[in-house]
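Before any comments, here is the structure.
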Ligand SMILES: Cc1ncc(COP(=O)(O)O)c(C=O)c1O
């Protein structure tokens with residue numbers, strides 16, 4: 224076989240060993256891992272030359288560990304997804320047992336784990352969301368929700384909002400409102416984008432009720448112009464995630480469901496990020512007292528121990544597909560090992576009271592954020608619902624965001640490096656510091672985390688444009 228290896232520079236030769244020379248018992252150093260991965264892999268949403276990845280060797284609870292014993296608090300549950308925390312023995316055992324029994328069966332077969340997980344989900348997912356289609360992640364769940372909505376309603380248009388992310392595959396990235404969509408445009412036909420109830424730079428009103436009423440009035444007009452008989456569904460992140468942790472204003476979910484239902488338009492709640500306890504309830508739509516027609520989930524479903532997504536459909540939609548073909552399929556649909564990790568992770572989440580802990584620790588998180596907001600002039604706003612939180616930064620007293628939409632600011636890289644060097648990993652998205660730890664976090668660990676963020680924010684205060692405004696507010 225031809226050796227594809229280009230000659231190594233002396234630099235890489237010293238740090239990147241040939242795969243065959245590695246001893247699994249000894250493992251790689253941080254530098255060896257970094258060099259090999261930067262050389263041979265591509266990184267999501269990044270230019271490979273610009274990433275500075277954390278080398279993780281193992282993880283437990285809320286902590287990540289590097290090969291040389293470095294320790295970081297995982298203050299973002301990786302991608303807001305390791306809800307139960309790392310390394311839970313019950314999930315590991317369930318995966319091992321399933322691997323030893325039946326690692327794979329093709330989707331046309333039934334398995335005990337497919338039966339057990341589906342019965343459990345039918346029990347815990349509210350309302351008449353009783354039927355499930357399993358995928359490998361969130362984007363595929365949304366792709367299949369697009370199909371299901373179009374096949375069920377026999378309509379083609381889909382309404383979506385600008386402040387959203389729904390996944391990176393063709394249809395899901397077209398549903399996405401944020402700039403990750405731009406390089407793939409024009410995308411899938413039939414998608415109509417609307418403003419969120421909470422727009423970026425102006426308001427639909429002052430009180431929550433006013434914002435809701437005005438946004439729904441605007442939406443009713445859009446529906447009229449698009450022709451209600453053409454619209455299959457509206458997709459929303461029930462609580463918006465990477466676009467800023469934006470809970471809906473009071474009355475929005477109920478008003479939206481009523482408006483859409485009056486036109487026979489389905490409501491699809493994307494709970495890929497906000498589901499499974501993240502917001503202090505098992506599902507975020509429970510805060511609004513509604514049940515959507517379709518709900519998509521992933522991430523917290525297995526707490527990311529293995530990849531799995533799911534589309535849950537209401538009884539009428541499920542009934543439709545008893546007689547009509549559901550035109551969707553995946554080789555790894557209902558993969559037994561992924562289902563086993565989901566059943567174990569969901570049981571751990573519920574049995575160990577982590578949804579309640581998310582609500583309780585959410586209140587503690589708010590107290591820390593309020594204290595930081597008094598202390599740092601760079602803080603514009605902080606928001607959290609359960610352990611789904613963010614601190615948004617500004618650059619002046621006029622209230623301009625530190626980083627413009629889809630832009631950057633050098634101090635954010637400095638802040639990221641400071642947090643990391645001081646033992647905390649989290650995502651910094653535009654002007655926000657994400658605060659989404661595993662749902663097993665306790666008060667002392669939250670205090671330790673916010674003490675690190677507190678020190679990091681001094682760097683941002685230093686670049687504040689209005690010297691006259693005191694640091695302490
Ligand atoms: C709300 C939401 N929907 C869908 C997705 C896509 O999920 P996946 O990356 O598993 O395809 C994500 C991922 O971050 C998400 O946050």
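In the working numbering, the protein residues as written are 224 to 696.
Ideal Cβ positions, reconstructed from N, Cα and C, are used throughout, including at glycine.
- Query: Which residues mark the beginning and the end of the alpha helix (DSSP H) in which residue 480 is found?
  - Reply: 475-485
- Query: Less than 7 angstroms between the CB of residue 302 and some heavy atom of ligand 1, yes or no?
  - Reply: Because some heavy atom of ligand 1 lies under 7 angstroms away, the Cβ of residue 302 counts as near it: yes.
- Ordered along the chain, which non-local residues of its own chain (more than five positions away) have a Cβ less than 8 angstroms from that of residue 566? 317, 336, 339, 340 and 343
- So is residue 500 in contact with chain D if we call contact Cβ pairs under 8 angstroms? Of the protein chains in this structure there is only one, and it is not chain D.
- Message: Assuming contact is defined by CB atoms lying nearer than 8 angstroms, are residue 395 and residue 366 in contact in what I supplied?
- Response: yes
- Query: Just how far apart, CA to CA, sit residue 269 and residue 586?
  - Reply: Residue 269 and residue 586 have their alpha carbons spaced roughly 35 angstroms apart.
- CB of residue 306 within 8 angstroms of CB of residue 501, strictly: Contact flag set, yes.
- Message: Within a Cβ cutoff of 6 angstroms, which residues of the same chain sit near residue 581, ignoring the five residues on either side of it in sequence?
- Response: 500, 503, 609, 610 and 662
- Residue range of the beta strand (DSSP E) that residue 553 falls in? That residue, residue 553, is in no beta strand (DSSP E); it is neither H nor E in DSSP.
- Task: Starting from the Cα of residue 280, find the closest Cα among 302, 595 and 255 and give me that residue.
- Result: 255
- Taking the alpha-carbon positions, what's the residue 266 to residue 313 distance? 31 angstroms
- Message: By the DSSP assignment, the beta strand (DSSP E) with residue 608 in it spans what residues?
- Response: 602-608
- Query: Given residue 577, which residues of its chain have a CB within under 8 angstroms of its CB, disregarding the five upstream and five downstream residues?
  - Reply: Within the same chain, residue 577 has close Cβ partners 306, 307, 500, 571, 662 and 663.
- Message: Taking the straight line between their C-alpha atoms, what separation do you get for residue 657 and residue 378?
- Response: 38 angstroms
- Give a single yes or no on whether residue 507 has its beta carbon closer than 7 angstroms to a heavy atom of ligand 1. no
- Entirely within the segment 491-563 and at least 3 residues each: give me those beta strand (DSSP E) ranges in chain order. Listed in chain order, the complete beta strand (DSSP E) runs (minimum 3 residues) inside the segment 491-563 are 517-520 and 532-537.
- Rounded to whole angstroms, how far is the Cβ of residue 482 from the Cβ of residue 443, which I believe are closer than 8 angstroms? 6 angstroms
- Query: Just to confirm, are residue 607 and residue 589 a CB contact at a threshold of 8 angstroms?
  - Reply: Going by C-beta atoms, residue 607 is nearer than 8 angstroms to residue 589.
- Secondary structure of residue 457, DSSP reduced to three states: DSSP, reduced to helix, strand and coil, places residue 457 within a strand of the structure shown.
- I think residue 371 touches residue 540, with their Cβ atoms under 8 angstroms apart; what is that distance to the nearest whole Å? At roughly 6 angstroms, the Cβ-Cβ gap stays under 8 angstroms, so residue 371 and residue 540 are in contact.
- Message: If distances are taken between C-alpha atoms only, which option among 261, 526 and 401 comes closest to residue 573?
- Response: 526
- Query: Residue ranges of each beta strand (DSSP E) run of no fewer than 3 residues wholly in the segment 263-336, ordered along the chain?
  - Reply: 281-283, 286-288 and 294-297
- Query: Mind checking whether residue 476 and residue 516 have CB atoms under 8 angstroms apart?
  - Reply: no
- Query: Would the C-beta of residue 465 count as close to ligand 1, meaning under 7 angstroms from any of its heavy atoms?
  - Reply: yes
- Contacts around residue 473, its chain only, beta-carbon distance under 7 angstroms, and the 5 residues preceding and following it disregarded: 431, 432 and 435
- Cutoff 8 angstroms; reference residue 508; Cβ partners in own chain excluding five residues on either side: 349, 461, 476, 492, 494, 514, 515 and 518
- Task: Taking the CB atoms as reference points, tell me whether residue 296 and residue 648 lie closer together than 8 angstroms.
- Result: yes
- Message: Can you tell me whether residue 297 sits near ligand 1, meaning its C-beta is under 7 angstroms from at least one heavy atom of the ligand?
- Response: The closest heavy atom of ligand 1 lies 7 angstroms or more from the beta carbon of residue 297.
- Query: Can you name, in chain order, every residue of its own chain whose Cβ lies under 6 angstroms from the Cβ of residue 686, other than the five neighbours on each side?
  - Reply: 634
- Message: Taking 7 angstroms as the cut-off, is the C-beta of residue 462 nearer than that to any heavy atom in ligand 1?
- Response: no
- Task: May I have the straight-line CA-CA distance separating residue 345 from residue 282, to the nearest angstrom?
- Result: 31 angstroms
- Task: Ignore the nearest five residues each way along the sequence and tell me which others in residue 618's own chain have a CB closer than 6 angstroms to its CB.
- Result: 625 and 688
- With a threshold of 16 other CB atoms inside 10 Å of the CB of residue 536, please say whether the residue is buried or exposed. buried
- Check residue 440 in the structure and name its three-state DSSP category. It is helical.
- Message: Is residue 493 near ligand 3 - that is, is its Cβ less than 7 angstroms away from at least one heavy atom of it?
- Response: With respect to ligand 3, the structure offers nothing, as its ligand set consists of ligand 1.
- When the distance is taken between beta carbons, is residue 592 closer than 8 angstroms to residue 622? Cβ distance not < 8 angstroms, so residue 622 and residue 592 don't count as in contact.
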